[in-house]
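Heads up, the thing below is written out as structure tokens.
Protein chains: 2
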Amino acid sequence: MVRERVRKATFMISLGANTFAPVTPVWVVGTYDHDGRPNVMTAAWAGICCSKPPCVYVSLRKATYTYGNLMERKAFTISFPSEAYVKEVDYFGLVSGRECDKLSTTKLTPVKSDVVDAPYVKEFPVVLECKIIKVVEIGLHTEFIGEILDVKAQQTVLNENKIPDVEKVKPLVCSLANMSYRKVGENAGKSFSIGKEIRERKTAKNAP
Amino acid sequence: MVRERVRKATFMISLGANTFAPVTPVWVVGTYDHDGRPNVMTAAWAGICCSKPPCVYVSLRKATYTYGNLMERKAFTISFPSEAYVKEVDYFGLVSGRECDKLSTTKLTPVKSDVVDAPYVKEFPVVLECKIIKVVEIGLHTEFIGEILDVKAQQTVLNENKIPDVEKVKPLVCSLANMSYRKVGENAGKSFSIGKEIRERKTAKNAP
């Protein structure tokens with residue numbers, strides 16, 4: 009009976025080729041256009057891709073206004089919004105910078121980065137300032153890899169080690185399957201720590 | 009007074025070049041080694057990077073055991089753990105497959121993918137099966153881009169549209185700054201929807 013329950017619970021269904029990651033990032037990409045107007049868009053195909061040099065990527069369709077800006081300016085910022093800006097963030101993904109000035113509409117403030125040719129959103133608590141070092145053609149999406157030249161953060165969100173604290177930043181993630189933004193929830197365990205119990209259990213077992 | 013409060017709250021401090029994203033993925037990469045032994049590791053530098061063809065990447069240091077496996081087998085899986093497996097997931101990131109059989113130690117079950125030359129974790133609710141289509145040298149990390157050939161999911165985590173439901177998958181994210189795994193929290197708004205209010209407000213303003 010127990011065996012049957014486990015078998016049922018772990019029966020895997022094939023869903024075909026798709027991008028079904030349960031959660032994705034909510035990262036706001038800041039660029040200047042040809043005329044120097046600041047633009048922002050919300051990206052879910054984004055993440056960290058190297059520690060040394062510190063690098064992030066964003067993958068975009070050629071059709072986006074940001075794509076042209078990136079190709080021309082070779083620089084971007086990532087502004088991480090806090091929960092309070094969920095409406096603005098969704099709006100940044102709904103409309104194109106070709107048609108409107110998204111920052112002016114939302115009354116958010118573009119600030120010119122002091123290290124790269126791109127603007128960030130002043131009201132968002134953490135910002136990465138990046139220069140493009142590689143452009144990788146994949147398919148519908150082009151991947152822009154940017155070296156992080158500096159991180160800016162609001163003093164109020166830093167922890168005692170001067171690192172942005174998730175409890176203070178209150179970042180968003182996205183569940184595309186559920187079509188919903190999500191807050192980051194409760195602590196589930198200490199990383200590089202909670203698994204030591206398994207390692208030690210094994211070592212104890214093998215001891216003479 | 010109000011202006012002062014805003015100015016203070018948005019004062020940005022430079023933290024230098026670093027990988028300070030407030031939340032990162034918790035993705036488990038499955039590979040076979042030279043001798044056909046299954047191995048898993050936990051990756052935080054990972055994400056979706058293209059919709060057509062559907063692709064994900066993982067960025068790894070050459071020193072990892074998985075790096076050699078990927079170079080040889082040209083395939084991997086991503087198994088998304090649910091909250092219940094946080095200890096195992098942390099353990100997967102603490103030890104090397106060179107030294108131990110992580111799946112056997114944790115009593116988790118490797119299953120050979122039916123579409124790529126890599127194993128996935130049977131107990132984890134959602135799996136992506138990927139063949140490597142590009143290898144991008146960045147710096148300390150090498151980025152492996154894999155085309156997703158199939159998604160497998162436990163029937164119990166699917167929603168009415170046959171898509172893995174975040175409420176049922178109960179995935180983890182990680183806050184590296186806080187050194188903690190986090191559950192995905194409450195709904196913060198409907199995506200591609202909650203921002204329409206701003207778009208419509210603007211349109212109404214511009215109406216004749």
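Residue numbers (our numbering), protein chains in the order written: chain A, 9 to 216; chain B, 9 to 216. Built from N, CA and C at the ideal position, the CB exists for glycine as well.
Under 8 Å, do residue i and residue j count as touching if we go by C-beta distance?
{"i": "A:P46", "j": "A:L111", "result": "yes"}
{"i": "B:T32", "j": "B:M49", "result": "no"}
{"i": "A:L136", "j": "A:I156", "result": "yes"}
{"i": "B:D43", "j": "A:S22", "result": "no"}
{"i": "A:C138", "j": "B:I146", "result": "no"}
{"i": "A:R209", "j": "B:E194", "result": "no"}
{"i": "A:V97", "j": "B:P30", "result": "no"}
{"i": "A:V123", "j": "A:K130", "result": "no"}
{"i": "B:V34", "j": "B:P89", "result": "yes"}
{"i": "A:G55", "j": "B:A196", "result": "no"}
{"i": "B:I202", "j": "A:K115", "result": "no"}
So with CB distances below 7 Å, who are the chain A contacts of residue i?
{"i": "B:I153", "result": "I146"}
{"i": "B:D173", "result": "A185 and N186"}
So what does DSSP say about residue i, is it helix, strand or coil?
{"i": "B:M20", "result": "strand"}
{"i": "B:L78", "result": "helix"}
{"i": "B:K139", "result": "strand"}
{"i": "B:G38", "result": "strand"}
{"i": "A:R45", "result": "coil"}
{"i": "A:S112", "result": "helix"}
{"i": "B:F200", "result": "coil"}
{"i": "B:I153", "result": "strand"}
{"i": "B:V10", "result": "Confidence at B:V10 is low in this model, with a pLDDT of 38, below 50, so the placement of that residue is unreliable and no value is reported for it."}
{"i": "A:R15", "result": "Note that A:R15 has pLDDT 44, beneath the 50 cutoff, so the model's placement of it is unreliable and the number below is only indicative. It is helical."}
{"i": "A:E91", "result": "helix"}
{"i": "B:C63", "result": "strand"}
{"i": "A:V174", "result": "helix"}
{"i": "A:I86", "result": "strand"}
{"i": "A:V217", "result": "Outside the shown range of chain A, which is 9 to 216, sits residue 217 of chain A, and nothing can be said about it."}
{"i": "B:L180", "result": "strand"}
{"i": "A:D125", "result": "coil"}
{"i": "B:R190", "result": "strand"}
{"i": "B:P159", "result": "Inspection of the sequence shows that residue 159 of chain B is occupied by Val rather than by Pro. Correct three-state label for B:V159: strand."}
{"i": "B:V97", "result": "helix"}
{"i": "A:E208", "result": "helix"}
Whose C-alpha, out of the options, is nearest the C-alpha of residue i?
{"i": "A:F28", "options": "B:S87, B:P30 and B:V66", "result": "B:S87"}
{"i": "A:V180", "options": "A:A25, A:I21, A:V36 and A:N26", "result": "Per the sequence presented here, residue 180 of chain A reads as Leu, with Val not at that position. Ranking A:A25, A:I21, A:V36 and A:N26 by Cα distance to A:L180 puts A:V36 first."}
{"i": "A:A52", "options": "A:G76, A:K170, A:F200 and A:Y65", "result": "A:Y65"}
{"i": "A:V144", "options": "B:H149, B:L148, B:I153 and B:I140", "result": "B:I153"}
{"i": "B:S59", "options": "A:N77, A:F100 and A:A25", "result": "A:A25"}
{"i": "B:K198", "options": "A:E151, A:Y93 and A:K170", "result": "A:Y93"}
{"i": "B:R81", "options": "B:I140, B:S67, B:V165 and B:V34", "result": "B:I140"}
{"i": "A:R69", "options": "A:S201, A:H149, A:V123 and A:E168", "result": "A:H149"}
{"i": "B:K142", "options": "B:I202, B:G38, B:S67 and B:N167", "result": "B:S67"}
{"i": "B:K204", "options": "A:T85, A:G55, A:M20 and A:V103", "result": "A:V103"}
{"i": "B:C7", "options": "B:E151, B:C57 and B:G101", "result": "A query on residue 7 of chain B cannot be resolved here, the shown segment of chain B reaching from 9 to 216 and no further."}
{"i": "A:N169", "options": "B:E168, B:N186 and B:L166", "result": "B:N186"}
{"i": "A:R106", "options": "A:K115, A:G76 and A:I202", "result": "A:G76"}
{"i": "B:M79", "options": "B:F132, B:N167 and B:E151", "result": "B:E151"}
Throw me the rounded Cβ distance for the residue i and residue j pair, which I believe falls under 8 Å.
{"i": "B:D41", "j": "B:A83", "result": "About 12 Å; that fails the 8 Å criterion."}
{"i": "A:I206", "j": "B:T113", "result": "6 Å"}
{"i": "B:K178", "j": "B:E91", "result": "5 Å"}
{"i": "A:Y99", "j": "A:G38", "result": "A:Y99 to A:G38, Cβ: 15 Å. No contact."}
{"i": "A:S121", "j": "A:T85", "result": "6 Å"}
{"i": "A:F4", "j": "B:Q162", "result": "Because chain A here runs from 9 to 216, residue 4 of chain A falls outside it and cannot be looked at."}
Counting only Cβ pairs nearer than 7 Å, list the residues of chain B close to residue i.
{"i": "A:H149", "result": "C57, C58 and S59"}
{"i": "A:P30", "result": "F88, V134, P172, V174, V177 and P179"}
{"i": "A:V124", "result": "Within 7 Å Cβ-Cβ: nothing; A:V124 doesn't reach chain B, min ~12 Å."}
{"i": "A:L102", "result": "F200, G203, K204 and R207"}
Using a Cβ cut-off of 9 Å, pull out every chain A residue sitting near residue i, in sequence order please.
{"i": "B:I1", "result": "For residue 1 of chain B there is no data in the structure shown, the boundaries of chain B being 9 and 216."}
Could you work out which residues of chain B lie near residue i, taking near to mean beta carbons separated by less than 8 Å?
{"i": "A:T85", "result": "Those do not exist, as A:T85 stays about 11 Å from chain B at its closest Cβ, beyond 8 Å."}
{"i": "A:N77", "result": "The contacting residues do not exist; A:N77 stays about 19 Å from chain B at best."}
Is residue i near the ligand FAD, with its Cβ less than 7 Å from a heavy atom?
{"i": "A:Q163", "result": "Ligands are entirely absent from the displayed structure, and the ligand FAD is therefore not among its contents."}
Given that residue i touches chain B, what residues does it touch there, using C-beta distances under 9 Å?
{"i": "A:T27", "result": "I56, C58, S59, P62, C63, V64, L136, I156 and V159"}
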